[in-house]
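Novice: In UniProt numbering, the protein residues as written are 1 to 470.
Handing you a structure now.
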């Protein structure tokens, strides 16, 4: 069979591409639902009309994104049975539990209360209506947790026992599964990074309007909110990433070694952080590198004298534990994905810090290139999250469930490469069309700006939002 018709290779490409595409909408949904909730709370407490306008405005962006995320997310579940049936049979009893909780609890909360929020503006009491958007936001965060808990089992299997007779892993402790140390560390890191993405969208939209000197009453405070949200969530993302790194070293030391291109076990000053490394074509040794002494030791163990295991030593250990084979991930992908994740996220925070300085005390920059930089900065944190996902999944290879099931053994045995190729092409075309639709809808809504301030009711003097804006 031709390599380009290899079912395993094509199935990995298909799942990777569809997951990355779906992941474009996840952080925006999480961050924008919270943004709408915060602005509606501000309107509820202060009665200031511009907060209501911002609630409606960012709420509309949230709804467009939410709808597209639901459509693209459904595809992910079908692939488990279609392309990865061996994997589904092996871990279905364990993996299905958090996915069921996500669908029956978290998504149910989102779907129900998002309807109440959309249609309840002039039908529910203000406090009750405010509660609906907070439930939507909490539901989206809960949904993320259950998905992360399911993925964490793939990184660090817990709460199960192997049924040798049936050839599958079976759930024995749901609490251990939901409190997996990897899930507890990855969850805050993912959520804070999602807030960075939402902040980036707010900054871009507000900068676009302010550069044209329009909607100043609403977009000035929106820009400040987005800038501070970016800085605050950037700091929290960094701190939570440090904790995730510790969990990764404890559960998947090979991933950390690959992330640093550390071929030989090192201690103290030798356990340095690599800014740049060039290795041999087969990835077996290092030819040239630029390193910071002690930093990798500190990041991995929180001490300056800690030991960090290297790729070659771990390969030897894994060969003894799991039998002959190559247990090293693709070094260059893991190494550079890790750095792009950090670099892009840090760059977006720097943009926000510069923005806060330039807009201090009500100032508005006059240089058009400053506004252009703010407008075009949006992809930075979103791309950083995608790089983080690639690092997480590629760094686990060759395992699909670490230490239990290899990726090459998880693909559906009766699916041909041609069948996968046809579905891959179909998904690519459909997702390409959906991308154009999503971009145009978001662009149109963002450029339109907030709706005009509603007029007070003639009798009561109260401002009643119009459901039809959605």
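For glycine and all other residues, C-beta sits at the position ideal for the given N, C-alpha and C.
From a predicted model like this one, the values you see are computed outputs, not experimental measurements.
Helix, strand or coil, according to DSSP, for residue 126 in the structure here?
Specialist: In the chain shown, residue 126 corresponds to position 126, counting from 1. Looking at residue 126 - three-state DSSP - the assignment turns out to be helix.
Novice: Quick one: measure Cβ to Cβ for residue 55 and residue 140, integer angstroms, because I've assumed they're closer than 8 Å.
Specialist: Indexing the chain shown from 1 puts residue 55 at position 55. Indexing the chain shown from 1 puts residue 140 at position 140. Not confirmed; about 17 Å, so no contact.
Novice: Looking at the structure shown, is residue 46 part of a helix, part of a strand, or coil, going by DSSP?
Specialist: The count along the chain shown starts at 1 and reaches residue 46 at position 46. Helix, per DSSP.
Novice: So, for residue 197: in the same chain, excluding its five sequence neighbours on each side, which residues have a beta-carbon less than 8 Å away from its beta-carbon?
Specialist: Numbered from its first residue, the chain shown carries residue 197 at position 197. Excluding positions up to five away in sequence, the list reads 27, 28, 31, 381, 382, 385.
Novice: Using the C-alpha atoms, what's the distance from residue 215 back to residue 367?
Specialist: Within the chain shown, residue 367 is the residue found at index 367, counting from 1. Within the chain shown, residue 215 is the residue found at index 215, counting from 1. Cα to Cα, the separation comes out at about 19 Å.
Novice: Is residue 369 buried or exposed, if buried means 16 or more other CB atoms sit within 10 Å of its CB?
Specialist: Your numbering for residue 369 matches position 369 in the chain shown. With fewer than 16 other Cβ atoms within 10 Å, it is exposed.
Novice: If you drop the 5 nearest sequence neighbours on each side, which residues of the same chain put their C-beta closer than 6 Å to that of residue 114?
Specialist: The count along the chain shown starts at 1 and reaches residue 114 at position 114. Here the set comprises 136.
Novice: Given this structure, state the Cα-to-Cα distance separating residue 250 from residue 314, to the nearest angstrom.
Specialist: Taking the first residue of the chain shown as position 1, residue 250 is located at position 250. Taking the first residue of the chain shown as position 1, residue 314 is located at position 314. If you take the alpha carbons of residue 250 and residue 314, they lie about 13 Å apart.
Novice: Cα separation between residue 138 and residue 363?
Specialist: Within the chain shown, residue 138 is the residue found at index 138, counting from 1. Within the chain shown, residue 363 is the residue found at index 363, counting from 1. If I take the Cα positions, the gap works out to 35 Å.
Novice: Give every residue of the same chain whose Cβ lies closer than 6 Å to the Cβ of residue 17, excluding the five residues on either side of it in the sequence, and list them in chain order.
Specialist: Taking the first residue of the chain shown as 1, we reach residue 17 at position 17. Excluding positions up to five away in sequence, the list is empty.
Novice: For a test of the three-state rule: what should DSSP assign to residue 291, helix, strand or coil?
Specialist: Here residue 291 refers to the residue found at position 291 of the chain shown. Correct three-state label for residue 291: strand.
Novice: With DSSP as the reference, please indicate the residues paired to residue 163 in a beta bridge.
Specialist: Translated into the one-based positions of the chain shown, residue 163 becomes position 163. Per DSSP, 168.
Novice: Quick test of the definition: if touching needs 3 or more C-beta pairs under 8 Å, does the segment 234-246 touch the segment 187-197?
Specialist: Verdict: yes, contact present.
Novice: Measuring CB to CB, does residue 202 end up less than 8 Å from residue 445?
Specialist: If you number the chain shown from 1, residue 202 lands on position 202. If you number the chain shown from 1, residue 445 lands on position 445. No.
Novice: Would DSSP call residue 407 helix, strand or coil?
Specialist: Along the chain shown, one-based indexing puts residue 407 at 407. Helix, per DSSP.
Novice: Within the same chain, show all residues whose beta-carbon is closer than 8 Å to that of residue 109, passing over the 5 residues directly before and after it, in chain order.
Specialist: As a working mapping, residue 109 is identified with position 109 in the chain shown. If we look at residue 109 and ignore the five residues flanking it on each side, its Cβ neighbours are 135, 136, 138, 139, 142.
Novice: Note the first and the last residue of the continuous beta strand (DSSP E) segment covering residue 401.
Specialist: In the chain shown, the residue the question calls residue 401 occupies position 401. Taken as a continuous stretch (DSSP letters only), the beta strand (DSSP E) holding residue 401 covers 399-401.
Novice: Given a cut-off of 8 Å, decide if residue 353 and residue 231 are closer than it, judged by their beta-carbon atoms.
Specialist: As a position in the chain shown, residue 231 is number 231, starting the count at 1. As a position in the chain shown, residue 353 is number 353, starting the count at 1. Yes; because the gap between Cβ atoms is below 8 Å, this pair is in contact.
Novice: What is the residue span of the alpha helix (DSSP H) that residue 304 lies within?
Specialist: Stepping through the chain shown from its first residue, residue 304 is reached at position 304. Taken as a continuous stretch (DSSP letters only), residue 304 belongs to no alpha helix (DSSP H), as it is neither H nor E.
Novice: Using three-state DSSP, classify residue 330 as helix, strand or coil.
Specialist: For the purposes of this step, residue 330 is identified with residue 330 of the chain shown, where counting begins at 1. DSSP places residue 330 in coil when its eight states are reduced to three.
Novice: Give the range of the alpha helix (DSSP H) segment to which residue 393 is assigned.
Specialist: Taking the chain shown and counting its residues from 1, one reaches residue 393 at position 393. Residue 393 -> alpha helix (DSSP H) spans 379-394.
Novice: Taking the alpha-carbon positions, what's the residue 258 to residue 316 distance?
Specialist: For this step, residue 258 is matched to residue 258 along the chain shown. For this step, residue 316 is matched to residue 316 along the chain shown. Whole-angstrom Cα-Cα distance: 15 Å.
Novice: Excluding the 5 residues preceding and the 5 following residue 466 in the sequence, name in chain order all residues of the same chain whose CB lies nearer than 6 Å to its CB.
Specialist: Within the chain shown, numbered from 1, the residue matching residue 466 stands at position 466. Note that residue 466 scores a pLDDT of 43, beneath 50, so its modelled location is shaky and nothing firm can be said.
Novice: Going by CA-CA distance only, name the one from 117, 339, 217 that's closest to residue 256.
Specialist: If you number the chain shown from 1, residue 256 lands on position 256. Closest by alpha carbon: 339.
Novice: Residues in the same chain with beta-carbon distance under 7 Å from residue 10, minus the five sequence neighbours each way, listed in chain order, please.
Specialist: Against the chain shown, residue 10 aligns to sequence position 10. Closer than 7 Å at the Cβ level, and outside the excluded window around residue 10, lie 417, 420, 421, 424.
Novice: Compute the Euclidean distance between the alpha carbons of residue 469 and residue 451, then round it to the nearest angstrom.
Specialist: Counting from one through the chain shown, the residue named residue 469 turns up at place 469. Counting from one through the chain shown, the residue named residue 451 turns up at place 451. In this prediction, residue 469 has a pLDDT of 42, which is less than 50 and means its spatial position is unreliable; what the coordinates show is noted afterwards. One C-alpha to the other measures close to 8 Å.
Novice: Around the C-beta of residue 167, are 16 or more other C-beta atoms found within 10 angstroms, so that it is buried, or is it exposed?
Specialist: Reading the chain shown from its first residue, position 167 is the one you call residue 167. Residue 167 should be labelled exposed.
Novice: Out of curiosity, what's the CA-to-CA distance linking residue 146 and residue 361?
Specialist: Taking the chain shown and counting its residues from 1, the one referred to as residue 146 is at position 146. Taking the chain shown and counting its residues from 1, the one referred to as residue 361 is at position 361. Approximately 43 Å, taken between the alpha carbons.
Novice: Can you grab the Cα-Cα spacing for the pair residue 219 / residue 40, in whole Å?
Specialist: Taking the first residue of the chain shown as position 1, residue 219 is located at position 219. Taking the first residue of the chain shown as position 1, residue 40 is located at position 40. Taking the straight line from one Cα to the other gives about 16 Å.
Novice: Just reading off the alpha helix (DSSP H) that residue 13 is part of, what are its end residues?
Specialist: Taking the first residue of the chain shown as 1, we reach residue 13 at position 13. First-last of the alpha helix (DSSP H) with residue 13: 7-23.
Novice: Given this structure, state the Cα-to-Cα distance separating residue 1 from residue 436, to the nearest angstrom.
Specialist: Here residue 1 refers to the residue found at position 1 of the chain shown. Here residue 436 refers to the residue found at position 436 of the chain shown. Residue placement at residue 1 is flagged as unreliable, the pLDDT there being 46, under the threshold of 50; the coordinate-derived value follows with that caveat. Going from the Cα of residue 1 to the Cα of residue 436 covers about 36 Å.
Novice: Rounded to whole angstroms, what's the CA-CA distance from residue 57 to residue 225? Just pull it up for me.
Specialist: Counting from 1 along the chain shown, the entry for residue 57 is found at position 57. Counting from 1 along the chain shown, the entry for residue 225 is found at position 225. Between residue 57 and residue 225, the C-alpha separation is close to 14 Å.
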